[in-house]
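Report on the structure given below.
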Amino acid sequence: MQGVGLLQKGFQILDLFSDERGPWTQVELARETGLARSTLGRLVRFLVARGYLMETRGRYTLGFAAVDLGRRAQSQFDLVDLAGDLLEQLAQATAETIILTVFDEARGCVTCLAQIPSSQGGLRVFESVGASYPLHSGATSKAVLAFLPERRRASVLDGDLTHVNSRAPSGRDRLAAEIEAVRDQGYIVTHDETYVGVTGVAAPILTPRGLPLGSIAIAAPSQRVDAATIAEFVARIQDAGVELATRLAAPAGAGEP
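Pasting the structure below:
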């Protein structure tokens with residue numbers, strides 16, 4: 156419970172920063188929150204170190220991490236609309252299932268925000284909107300995991316790495332190598348990790364700070380996928396990921412008449 160109490164006090168400090176109020180000194184923060192000066196000083200130093208507060212000549216404002224958190228929250232609300240035309244283009248070009256996910260930091264997973272089912276006859280991959288997957292399993296998840304802060308990646312590597320499809324090969328060394336490959340290449344290809352007989356190709360959707368907001372993916376029955384098909388999927392999914400990152404980085408209202 157002590158950790159929860161400190162968290163509540165941290166939010167109590169952050170909640171004081173608003174459009175209507177300029178920078179705060181530690182004396183002002185202590186007076187407004189009623190926190191002991193020693194407690195407040197420790198919390199402020201922690202928030203500064205994490206980038207949630209920024210200090211200039213003894214006065215504090217919200218830092219870049221807080222700004223980025225707000226941007227990511229807003230982006231999640233807008234992401235389906237922002238990516239809609241790209242999902243449609245991918246669906247038309249590949250005729251396979253297209254999936255858009257978002258990183259759920261609180262639960263440590265990725266969640267499906269939207270999907271366009273395959274237009275192919277016979278076998279098709281179908282994903283439910285709202286379905287969630289652990290960060291170590293599947294293309295949509297690993298595309299996100301690879302770009303999380305190092306400490307978060309390490310915690311996943313040290314955890315249970317059994318895939319959603321428990322028969323798929325797993326292991327710490329294997330996942331560590333995949334993370335490095337995704338960071339180098341900007342995409343991931345997986346087979347059978349969530350469903351038997353399914354190949355997934357995914358790329359991350361990155362914020363301007365290089366943190367993963369979610370991922371965009373193509374999922375198809377493995378029997379319809381060969382090396383040439385995967386190469387085509389990779390090129391298309393990377394282009395879509397880059398375009399989404401560009402849109403996220405654009406100032407509000409850019410491109411509007």
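Numbering (this note's numbering), first residue to last: 156 to 412.
Just so it is clear, CB atoms sit at the ideal spot from N, CA and C, and this is done for glycine as well.
Rank the options by C-alpha distance to the C-alpha of residue i and give the top, closest one.
i      : options                        : result
Gln378 : Ala246, Val280, Gly189         : Val280
Ala375 : Leu399, Ala301, Gly177, Asp347 : Asp347
Ala238 : Thr317, Leu368, Ile385         : Leu368
Ala248 : Leu268, Ser273, Ala261, Glu260 : Ser273
Ile360 : Leu198, Thr194, Val235, Val182 : Val235
Gln340 : Lys297, Val311, Val199, Leu198 : Lys297
Ile385 : Leu312, Glu251, Thr362, Val299 : Glu251
Leu312 : Asp328, Ala383, Thr180, Leu169 : Asp328
Pro304 : Glu260, Gln275, Gly225         : Glu260
Gln181 : Leu195, Asp170, Gly277         : Leu195
Glu282 : Ser292, Leu268, Val389         : Leu268
Have a look at the DSSP bridge pairing and note the partners of residue i.
i      : result
Ser283 : BP columns for Ser283 are empty, so no partner.
Ile253 : Ile271, Ile373
Leu98  : Outside the shown range of the chain (156 to 412) lies residue 98, about which nothing can therefore be said.
Ile168 : In DSSP, Ile168 forms no bridge with anything.
Ile343 : Ala357
Pro367 : Leu361
What would DSSP say about residue i, mapped onto helix, strand or coil?
i      : result
Ile271 : strand
Arg214 : strand
Asp290 : Residue identity differs from the one stated: residue 290 is Leu in this sequence, not Asp. In the structure shown, Leu290 sits in coil (DSSP, three-state: anything other than H, G, I, E or B).
Val203 : helix
Leu237 : helix
Asp259 : strand
Ala405 : coil
Thr384 : helix
Val265 : strand
Leu208 : strand
Val319 : coil
Glu411 : At Glu411, the pLDDT of 42 sits below 50, so the modelled position is not reliable; the number obtained from the coordinates is stated separately. Glu411: coil per DSSP, three-state reduction.
Glu187 : helix
Thr349 : coil
Phe302 : coil
Asp313 : coil
Ser325 : coil
Beta-carbon within less than 7 Å of residue i's beta-carbon, same chain only, minus the 5 sequence neighbours each way: which residues are those?
i      : result
Gly263 : Leu290
Gly206 : Gly218, Phe219, Ala220
Asn320 : Asp347, Glu348, Thr349, Tyr350, Val351
Leu190 : Lys164
Thr295 : Ile254, Thr256, Val265, Tyr288, Gly355, Ala357, Ser370, Ala372
Arg364 : Asp223
Please work out which residues of its chain come closer than 6 Å, Cβ to Cβ, to residue i, disregarding the five sequence neighbours upstream and downstream, and give them in chain order.
i      : result
Ile271 : Leu242, Ala246, Ile253
Ala301 : Ile334, Val337, Arg338
Met156 : At Met156, the pLDDT of 36 sits below 50, so the modelled position is not reliable; the number obtained from the coordinates is stated separately. Counting only Cβ-Cβ distances below 6 Å, and skipping sequence neighbours, we find nothing.
Leu366 : none
Leu202 : Leu208
Thinking residue i and residue j are a contact (beta carbons under 8 Å), I'd like their distance in whole angstroms, please.
i      : j      : result
Gln167 : Thr188 : 5 Å
Ala395 : Ile371 : 5 Å
Thr266 : Gly285 : 6 Å
Thr216 : Phe172 : 7 Å
Ser325 : Leu316 : 5 Å
Looking only at its own chain, which residues have a Cβ that is under 8 Å from the Cβ of residue i, when we skip the five neighbours before and after it?
i      : result
Gly410 : Note that Gly410 scores 45 on pLDDT, short of 50, meaning its location in the model is unreliable; the coordinates nonetheless yield the value given after this. So the list is empty, once near-sequence residues are dropped.
Ile392 : Leu245, Tyr342, Val356, Ala357, Ala358, Ile371, Ala372, Ile373
Val353 : Val280, His346, Asp347, Ala374, Ala375, Pro376, Ser377
Pro178 : Thr211, Arg214, Tyr215, Thr216
Leu198 : Leu161, Lys164, Gly165, Ile168, Leu190
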